[in-house]
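**Q** Number 221 in this note's numbering belongs to position 70 of the sequence shown; there are no gaps in the numbering.
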Amino acid sequence: MEKRFRSVSRRPEFYKDLKRLKRFRTLIEDVEIFIDKALFLFHKKNIDNGGIFEIPGLTISRERVKIYKAKKFACRSLKGKGVMSGIRVIYAYNEVEDSIELIEIYYKDRDDTECDWVRIKAYCEEE
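1. If we ignore side chains and look at the alpha-carbon of each, how far apart do Y258 and V247 end up?
2. Given a threshold of 16 other Cβ atoms within 10 Å of its Cβ, counted over all protein chains shown, does E183 qualify as buried or as exposed?
3. What residue does the beta strand (DSSP E) around A103 start on, and which one ends it?
4. Check whether the Cβ atoms of I238 and I254 sit closer than 9 Å, and answer yes or no.
5. Report yes if the CB atom of S228 is closer than 9 Å to the CB atom of R174, and no otherwise.
6. I'd like the list of long-range same chain contacts for R215, defined as Cβ closer than 8 Å, with 5 residues on each side in sequence excluded.
7. Where does V182 sit, in a helix, a strand or coil, going by DSSP?
8. Which residues in the same chain as D267 place their Cβ atom closer than 6 Å to its Cβ, once the five residues preceding and following it in sequence are excluded?
9. Would you mind listing the alpha helix (DSSP H) stretches within the stretch 162-206 that are 4+ residues and don't spill past its ends, in chain order?
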């Protein structure tokens, strides 16, 4: 079997996000499937399903690291929604190190419609 990424990590805040979204019982497994399928196809096979976008305008101190927002995320707890579940994932991909770092996951509903820009900018400024 082909190796997916050299490393995949999750920020401490990402784990807090998962706890906050515990009503979606399959979410932890869905994240693993998302990494193995969607991120692998996008970054390794250059297959774009139109659901992953680079976030423009961010200045990142680390070389060849880009921040992405995934708008297509299949959550099995949200039956009938498919990849248009409303769950969003913010992550960083380091092309040189071949690593993924999950920064944020949230459910886009009426009360929480935007990602945490403070968290993303803090990540970008880290050495």
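We put the CB at the ideal spot given by N, CA and C, even for glycine. Keep in mind it's a predicted model, so treat the numbers as computed, not measured.
**A** Straight from the coordinates:
1. Along the sequence shown, one-based indexing puts residue 258 at 107. Along the sequence shown, one-based indexing puts residue 247 at 96. Roughly 30 Å separates the two Cα atoms.
2. Counting from one through the sequence shown, the residue named residue 183 turns up at place 32. Burial call: exposed.
3. Nothing about residue 103 can be reported from this structure: the residues present for the chain run from 152 to 278 only.
4. Walking along the sequence shown from the start, residue 238 turns up at place 87. Walking along the sequence shown from the start, residue 254 turns up at place 103. Contact flag unset, no.
5. Residue 228 sits at position 77 when you count from the first residue of the sequence shown. Residue 174 sits at position 23 when you count from the first residue of the sequence shown. Yes. Within cutoff.
6. Against the sequence shown, residue 215 aligns to sequence position 64. Only N245, E246 and V247 meet the Cβ criterion.
7. The residue given as residue 182 occupies position 31 in the sequence shown. If DSSP states are grouped into helix, strand and coil, V182 belongs with the helices.
8. Within the sequence shown, the letter at position 116 stands for residue 267. Same-chain partners within the cutoff: E255.
9. 163-171, 178-185 and 191-194
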